[in-house]
Amino acid sequence: MSKQIPKTILNDGLEVPAIGFGTVKLNGNQGAQAIQSAIDVGYRLIDTAYNYENEGTVGEAVRRSTVPREELIITSKLPGRYHEYELAVPTIQESLYRANLDYYDLYLIHWPKPIQDNYVEAWESLIQAQKWGLVRSIGVCNFLPEHIERLEKETGVKPSINQIELHPFFNQADQRKWHTANNIQTESWSPLARANNIFEKEEIQQIATAHKKTPSQVILRWHHQLGSIPIPKSSSKERQIENISIFDFSLDEAEMNTISSLTLSDGRQNDQDPAVYEEF
Ligand SMILES: NC(=O)c1ccc[n+]([C@@H]2O[C@H](COP(=O)([O-])OP(=O)(O)OC[C@H]3O[C@@H](n4cnc5c(N)ncnc54)[C@H](OP(=O)(O)O)[C@@H]3O)[C@@H](O)[C@H]2O)c1
1 MSKQIPKTIL NDGLEVPAIG FGTVKLNGNQ GAQAIQSAID VGYRLIDTAY
51 NYENEGTVGE AVRRSTVPRE ELIITSKLPG RYHEYELAVP TIQESLYRAN
101 LDYYDLYLIH WPKPIQDNYV EAWESLIQAQ KWGLVRSIGV CNFLPEHIER
151 LEKETGVKPS INQIELHPFF NQADQRKWHT ANNIQTESWS PLARANNIFE
201 KEEIQQIATA HKKTPSQVIL RWHHQLGSIP IPKSSSKERQ IENISIFDFS
251 LDEAEMNTIS SLTLSDGRQN DQDPAVYEEF
């Protein structure tokens with residue numbers, strides 16, 4: 001299965017798969033089983049975060065899996081309460097201790113928290129961690145263009161990736177365009193809008209029927225054709241397989257536009273606006 005997944009090369013040269021696996025709420029032994037299953041069925045990019053309290057579970061799944069560590073891209077994220085440099089550096093180290101891994105492939109700042117305003121310090125800690133070999137590639141989540149511009153201006157280092165809320169109800173057209181112009185890879189969190197009344201949409205169902213695919217596959221294919229990396233979470237092996245099986249069909253322009261047109265101005269799932277959201 002993994003052989004069929006296309007790859008994308010980030011602006012720093014790291015090669016990553018075109019789809020990943022989200023792990024929110026996958027904790028403990030059941031979580032490790034679900035993540036191991038995801039690896040077994042072909043996912044190679046695994047997304048966790050310090051704040052999900054499951055970096056240990058992800059590390060356990062990696063050790064249980066027969067896939068060599070170097071074939072996996074493991075992502076974690078720095079929480080907002082540890083943005084100050086003196087706090088951020090040990091937090092990245094703690095992230096690794098929790099997972100019992102020697103390095104992360106990707107490490108991201110979880111939210112910019114611009115009101116708190118020390119995300120540049122946080123970025124400096126990621127740059128240092130990369131120099132020490134603790135992380136291979138560094139990026140951000142939920143950063144608006146102005147936040148990324150400031151990182152680059154003050155440190156000279158541009159993120160490889162920006163993981164943002166992106167699904168048909170919130171298509172992020174302007175932010176994606178800006179990423180493309182600035183050679184930053186878009187990654188979609190909550191790509192299935194948390195399964196919140198999206199699969200029932202008539203427009204999605206019609207497209208799914210036309211392609212003999214499921215609504216979830218059509219939505220994930222839409223992400224892929226937008227040029228973004230979706231990271232759907234599923235606790236079920238069947239749905240994990242369903243979600244990764246999106247590379248044998250394509251949507252035409254009209255179908256892409258129909259899905260994009262489901263976007264609403266208040267389409268965020270939890271009203272988490274990066275300009276003001278104070279992630280803990
Ligand atoms: N950077 C950030 O700020 C941020 C924020 C939120 C999330 N994330 C990351 O993004 C990942 C994905 O987002 P998410 O977990 O919020 O939501 P999501 O992936 O959009 O949706 C997950 C939900 O969809 C269900 N589901 C998955 N595949 C399905 C299918 N084929 N058919 C029917 N239902 C299906 C899952 O249920 P089952 O488990 O029962 O299948 C689960 O309830 C997270 O796990 C996390 O890693 C990052």
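Under our numbering, the letters of the sequence shown match residues 1 to 280, in that order.
Every residue gets a Cβ at the ideal spot worked out from N, C-alpha and C, and that includes glycine.
Under 8 Å by Cβ, that's how I've got residue i and residue j pegged, so tell me the actual separation to the nearest angstrom.
i, j, result
"ILE35", "ILE46", "7 Å"
"GLU60", "ALA38", "No, GLU60 and ALA38 are not in contact; Cβ-Cβ is about 13 Å, not under 8 Å."
"TYR97", "ILE138", "Their Cβ separation, rounded to whole angstroms, is 19 Å, which puts TYR97 and ILE138 out of contact at 8 Å."
"LEU192", "HIS167", "7 Å"
"ILE184", "TYR43", "So it is not a contact: roughly 23 Å between Cβ atoms."
"PHE249", "ILE5", "At roughly 15 Å, the Cβ-Cβ gap does not stay under 8 Å, so PHE249 and ILE5 are not in contact."
"ILE231", "VAL16", "With a Cβ gap of about 11 Å, ILE231 and VAL16 do not count as contacting."
Using alpha carbons as the reference points, say which of the options lies closest to residue i.
i, options, result
"CYS141", "VAL157, LYS113, SER125", "LYS113"
"GLU253", "LYS153, ILE207, SER228", "ILE207"
"THR258", "ILE204, GLN240, VAL276", "ILE204"
"LEU101", "LEU108, ARG69, PRO79", "ARG69"
"TYR85", "SER228, PRO232, GLN128", "GLN128"
"GLU279", "PRO6, SER125, THR57, ILE115", "ILE115"
"GLU238", "ARG221, GLN217, MET256", "GLN217"
"VAL41", "SER65, SER76, GLU152", "SER65"
"GLU55", "GLN93, ARG81, PRO230", "GLN93"
"LEU262", "LEU10, SER190, GLY28, ASN171", "ASN171"
"PRO274", "ASN162, GLY13, SER125", "ASN162"
Start and end of the alpha helix (DSSP H) containing residue i?
i, result
"GLY31", "28-41"
"PRO90", "85-99"
Say whether chain D places a C-beta atom closer than 9 Å to the C-beta of residue i.
i, result
"TYR82", "The structure shown contains no chain D; it is built from a single protein chain."
Taking residue i as part of the beta strand (DSSP E), name the residues at either end of that continuous run.
i, result
"TYR8", "Correcting the residue type first, residue 8 is Thr in the shown sequence and not Tyr. Segment 7-9, the beta strand (DSSP E) holding THR8."
"SER137", "135-141"
"CYS16", "The question names Cys, but residue 16 in the sequence shown is Val. From DSSP, the beta strand (DSSP E) with VAL16 extends over 15-17."
"THR75", "73-78"
What are the complete beta strand (DSSP E) segments, minimum 3 residues, inside the stretch 156-201? 161-165, 185-189
Notebook entry, point to check: Taking only runs of the alpha helix (DSSP H) that begin and end inside the stretch 206-245, which ones reach a length of at least 4 residues, in chain order?
Noted result: 215-226, 237-244
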